[in-house]
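Number of protein chains: 2
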Amino acid sequence: MTARVAPSGKSATYVALSGGIGGAKLSLGLARLLGERLTVIVNTGDDFEHLGLAISPDIDTTLYTLAGVANPETGWGRRDETWRFMEAIAELGGPTWFKLGDRDLATHVERTRRLKAGEPLTAVTLHLAERLGVSARVLPMSDEPVRTVVETDAGALAFQDYFVREQCRPAVRALSYEGAAAARVSAEVKARLSASTLGGIIVCPSNPWLSIAPILAVPGLREALKARAVSVIAVTPIIGGKAVKGPTAKIMTELGLSPDVASIARHYGALLDALVVDTLDARTVTDLPVPTSIANTIMHTEDDKVALARHCLALCERLAVRS
Amino acid sequence: MTARVAPSGKSATYVALSGGIGGAKLSLGLARLLGERLTVIVNTGDDFEHLGLAISPDIDTTLYTLAGVANPETGWGRRDETWRFMEAIAELGGPTWFKLGDRDLATHVERTRRLKAGEPLTAVTLHLAERLGVSARVLPMSDEPVRTVVETDAGALAFQDYFVREQCRPAVRALSYEGAAAARVSAEVKARLSASTLGGIIVCPSNPWLSIAPILAVPGLREALKARAVSVIAVTPIIGGKAVKGPTAKIMTELGLSPDVASIARHYGALLDALVVDTLDARTVTDLPVPTSIANTIMHTEDDKVALARHCLALCERLAVRS
């Protein structure tokens, strides 16, 4: 391992890898501490076209959460939302399985308009972030389309078909990330990962298979993490054998893995310098292939999010000093 | 002129040619009397793409009016509309000059989705009409795109740029209908115009240059009217030297025409068997090149619309008997 002279304190920048809800919670905590020194690289494997609109669910959840306009009940969409468009689409016989609020819809329409005009997804996302008053840099993992395909006992399903339409009911056999081989790391992502100010990389408590794996499938991204001159840590998405939200534990079982922290540690393996584990699991995490750090990882309140973020940043700093 | 044995009474079908607001009012009156025996052939020269959506303003005004969901104040859009999408688009820095209500938006999104899936505009329009409970047949003038271009003292303007963005301020020098030469009469329009049940063709009191001329520019449509075996009548859009709504009188003056009924009569000329003129103009309409029929053509209430429609149908029947 190369000698680390990572920046620390007020000058350091950080990169988070994130999917939707759980990742966005930690990103919010990090954003409160870091402001524009935070870059969130977001999964776009869930992106899809619906009603002719380019929809990026994880980017939107991240933007809305950081902007303080996310719907706290659903984990997706905007707060104080209305549904007049959806009512009218139902009246006209259009598809209604994917819910689009009246305000949320503007994000998809404006994104689609800009993509069609030739703007890369990165530029569109930076524009939306600016308009929503988000100071952290939110970046799609790539400007090229990558589509997560879920191989299930009911056949191969596009991600949203599996996740929303089928509500994760079919058993997962395998996952693939269509388009990943042809995708490239964008100049913006590359710059943030190779910045001399970089203090650490934090893998958020998102689903490792559905949300983080697509990011790492973009050629160059896994390598960038492996070749790092800074510490890489992850926060476990599994607490006491369960996922806080979503199908992580179910999918792990279906993939033949025990839904526990040890499986997460083995999954990420040498990619990590440390895994942040919940206090609930403190006594069970012996003999893991990765060093652990114990923290409260359940984020109900904004204070919880900031506290976990502070723990992560301190861990990165400590790892940098130690090495 | 060929001998006319036009159907009458309860078996006759009628075709109306119409633009937006004024035309939709008479169409509503005709629909109340005729139900599914009415076909409205609607101008699509105003159609445009906005925010990636295929928007057909005159078709929508016609559908909403016949469905009883039109906004009576604006003449466009739906009643009881909300504007959350528009607020959010403004927040995101998107274009706001063309107003799209939350419910109205569903029409454009669903139309765009179906067009992209390969449905012709005629099929999409028939679908929307059915979902909105409209029994009259509302048909676009063609499935091929025709775009009205307004040559003005401020340069050539796409129709919506002239009409909405510039609010008809530039002086009109000429009009052209891009794509018209390559457009075709659809099978549905052809069938309705050549139906053995056809009792008459009614040109609605829409702007002759902006709304009716694009329809007649579709190769075969003007010819179909000329070759008719039934009477063709028009309702004047000019009353007492003024247009009820919109820029008709202004445009006539800019085109070097006196904004009066005589100019309308000369404009349509041999295309018509009769021109319905308002009672206000009864004393001034001498020596016109077209026979006239006097009626109250100002349609404030639904009763006004039905009364004018009844007058038009009676006139068609009378002309058929007379010839």
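Which chain is which? The protein sequence lines are A and B, in order.
Under numbering that gives the first Met the number 0, the residues of the first sequence are numbered 0 to 322, in order.
Under numbering that gives the first Met the number 0, the residues of the second sequence are numbered 0 to 322, in order.
Ideal placement from N, C-alpha and C gives every residue a C-beta, glycine not left out.
**Q.** CB contact check: residue 83/A to chain B, cutoff 8 Å
**A.** On the first sequence, residue 83/A is found 84 positions in, with the first residue counted as 1. Yes, residue 83/A counts as interfacial toward chain B.
Q) Any idea what DSSP makes of residue 49/B, helix, strand or coil? A) On the second sequence, position 50 is the one that residue 49/B refers to. If DSSP states are grouped into helix, strand and coil, residue 49/B belongs with the strands.
**Q.** Continuous alpha helix (DSSP H) stretch holding residue 378/B: start and end
**A.** One cannot answer for residue 378/B here, as it falls past the ends of chain B, which runs 0 to 322.
Q: Please go through the same chain and pick out, in chain order, the residues whose beta-carbon is closer than 6 Å to the beta-carbon of residue 30/B, but skip the five residues on each side of it.
A: Reading the second sequence from its first residue, position 31 is the one you call residue 30/B. Closer than 6 Å at Cβ, skipping near neighbours: 37, 65 and 135.
Q: Would you kindly work out how many angstroms separate the C-alpha atoms of residue 22/A and residue 61/A, rounded to a whole number?
A: As a working mapping, residue 22/A is identified with position 23 in the first sequence. As a working mapping, residue 61/A is identified with position 62 in the first sequence. Their Cα atoms are separated by approximately 8 Å.
Q: Examine chain A for any beta-carbon lying closer than 8 Å to the beta-carbon of residue 95/B, and answer yes or no.
A: As a working mapping, residue 95/B is identified with position 96 in the second sequence. By this cut-off, residue 95/B is not an interface position.
Q: Please report the Cβ distance between residue 329/A and residue 232/A, rounded to the nearest whole angstrom; I am assuming they are in contact, meaning their Cβ atoms lie under 8 Å.
A: The structure shown has nothing for residue 329/A, since chain A only spans 0 to 322.
Q) Alpha carbon to alpha carbon, how far is residue 15/B from residue 278/B? A) The count along the second sequence starts at 1 and reaches residue 15/B at position 16. The count along the second sequence starts at 1 and reaches residue 278/B at position 279. Distance between the alpha carbons of residue 15/B and residue 278/B: 22 Å.
Q.
How far does the alpha helix (DSSP H) with residue 103/B in it extend, from its first residue to its last?
A. Translated into positions along the second sequence, residue 103/B becomes position 104. 101-115 is the extent of the alpha helix (DSSP H) around residue 103/B.
Q) Going along the chain, which residues of the stretch 91-115 of chain B sit with their C-beta nearer than 7 Å to a C-beta in chain A? A) 91, 92, 93, 101, 102, 104, 105, 106, 108, 109, 111, 112 and 115
Q.
Which residues of the stretch 117-145 of chain B have a Cβ closer than 8 Å to any Cβ of chain A? Give them in chain order.
A. Listed by position along the chain: 126, 127, 130 and 131.
Q. So, is the C-beta of residue 44/B closer than 8 Å to a C-beta in chain A?
A. Looking up residue 44/B in the second sequence gives position 45. Chain A contact via Cβ: absent.
Q) With which residues is residue 277/A paired in a DSSP beta bridge? A) By one-based count along the first sequence, residue 277/A stands at place 278. Partner(s): 294/A.
**Q.** Touching by the beta-carbon criterion (3+ pairs, under 8 Å), the stretch 286-303 of chain B and the stretch 308-315 of chain A
**A.** no
Q) Any beta-carbon of chain A closer than 8 Å to the one on residue 51/B? A) In the second sequence, the residue the question calls residue 51/B occupies position 52. Yes, because at least one Cβ of chain A sits closer than 8 Å to the Cβ of residue 51/B.
**Q.** C-alpha distance - residue 3/B paired with residue 186/B, whole-angstrom precision
**A.** Here residue 3/B is taken as the residue at index 4 of the second sequence, counted from 1. Here residue 186/B is taken as the residue at index 187 of the second sequence, counted from 1. Caution applies to residue 3/B, whose pLDDT of 45 falls short of 50 and renders its modelled position unreliable; the model cannot decide the point.
(Q) At 4 residues or longer, what runs of the alpha helix (DSSP H) sit wholly inside the stretch 59-96 of chain B? (A) 83-90
Q) Counting only beta-carbon atoms, is residue 200/B nearer than 8 Å to chain A? A) Here residue 200/B is taken as the residue at index 201 of the second sequence, counted from 1. Cβ-Cβ to chain A under 8 Å: no for residue 200/B.
Q) DSSP three-state call for residue 157/B: helix, strand or coil? A) For the purposes of this step, residue 157/B is taken as the residue at position 158 of the second sequence. Of the three classes helix, strand and coil, the one that applies to residue 157/B here is strand, per DSSP.
Q | Listed by chain order, chain A residues near residue 226/B by CB distance under 7 Å | A | Locating residue 226/B in the second sequence gives position 227, where the first residue counts as 1. Result: empty, since nearest Cβ-Cβ is about 37 Å, beyond 7 Å.
Q) Tell me which same chain residues have a C-beta within less than 6 Å of the C-beta of residue 240/A, skipping the five on either side of it? A) Position 241 of the first sequence holds residue 240/A. So the qualifying residues of the chain are 258 and 259.
Q.
Taking 6 Å as the limit between beta carbons, can you name the residues of its chain near residue 284/A, skipping five residues before and five after?
A. Start at 1 with the first residue of the first sequence, and residue 284/A comes out as number 285. Taken in chain order, the residues that qualify are 260, 276 and 291.
Q) Distance, Cα to Cα, residue 303/B vs residue 57/B? A) For the purposes of this step, residue 303/B is taken as residue 304 along the second sequence, with counting starting at 1. For the purposes of this step, residue 57/B is taken as residue 58 along the second sequence, with counting starting at 1. Those two C-alpha atoms are separated by around 21 Å.
Q: Examine the Cβ distances between the stretch 120-136 of chain A and the stretch 150-169 of chain A and report whether three or more of them are shorter than 8 Å.
A: no
Q) What does a CB cutoff of less than 7 Å around residue 153/B pick up in its chain, not counting 5 residues either side in sequence? A) For the purposes of this step, residue 153/B is taken as the residue at position 154 of the second sequence. Around residue 153/B: 169.
Q: Give the C-beta separation of residue 307/A and residue 234/A to the nearest angstrom, bearing in mind that I take them to be a contact with Cβ-Cβ under 8 Å.
A: The count along the first sequence starts at 1 and reaches residue 307/A at position 308. The count along the first sequence starts at 1 and reaches residue 234/A at position 235. With 8 Å as the limit, residue 307/A and residue 234/A qualify as a contact, their Cβ atoms being about 7 Å apart.
Q) Grouping DSSP H, G and I as helix and E and B as strand, with all else coil, what is residue 328/B? A) No information on residue 328/B is available, as it lies outside the stretch 0 to 322 that chain B covers here.
Q) By the criterion of Cβ-Cβ separation under 8 Å, what are the contact partners of residue 88/B in chain A? A) Walking along the second sequence from the start, residue 88/B turns up at place 89. 105, 108 and 109, listed in chain order.
Q: Take residue 12/A and list the residues in its own chain whose beta-carbon comes closer than 8 Å to its own, dropping the five residues that flank it on each side.
A: By one-based count along the first sequence, residue 12/A stands at place 13. Within the same chain, and ignoring the five residues on either side of residue 12/A in sequence, the residues whose Cβ sits closer than 8 Å to its Cβ are 6, 33, 36, 37, 38, 191, 194, 196, 197 and 198.
Q: Can you tell me which of the three DSSP states residue 143/B falls into?
A: Numbered from its first residue, the second sequence carries residue 143/B at position 144. Correct three-state label for residue 143/B: coil.
Q.
Within a Cβ cutoff of 6 Å, which residues of the same chain sit near residue 280/B, ignoring the five residues on either side of it in sequence?
A. On the second sequence, position 281 is the one that residue 280/B refers to. Only 260 meet the Cβ criterion.
Q: Give the DSSP bridge partners of residue 237/B, in chain order.
A: Looking up residue 237/B in the second sequence gives position 238. In the DSSP output, where bridge partners are listed per residue, residue 237/B has 242/B.
Q. Can you round the beta-carbon distance between residue 45/A and residue 159/A to whole angstroms, since I take them to be within the 8 Å contact cut?
A. Walking along the first sequence from the start, residue 45/A turns up at place 46. Walking along the first sequence from the start, residue 159/A turns up at place 160. Contact holds; Cβ gap of about 7 Å.
Q: Within the same chain, show all residues whose beta-carbon is closer than 6 Å to that of residue 246/A, passing over the 5 residues directly before and after it, in chain order.
A: Within the first sequence, the letter at position 247 stands for residue 246/A. Contacts found: 167.
Q. Among 18/B, 17/B and 28/B, which has the Cα closest to the Cα of residue 300/B?
A. Mapped onto the second sequence, residue 300/B falls at position 301. The option with the nearest alpha carbon to residue 300/B is 28/B.
Q. For residue 182/A, does the three-state DSSP call read helix, strand or coil?
A. As a working note, residue 182/A is residue 183 in the first sequence. Correct three-state label for residue 182/A: coil.
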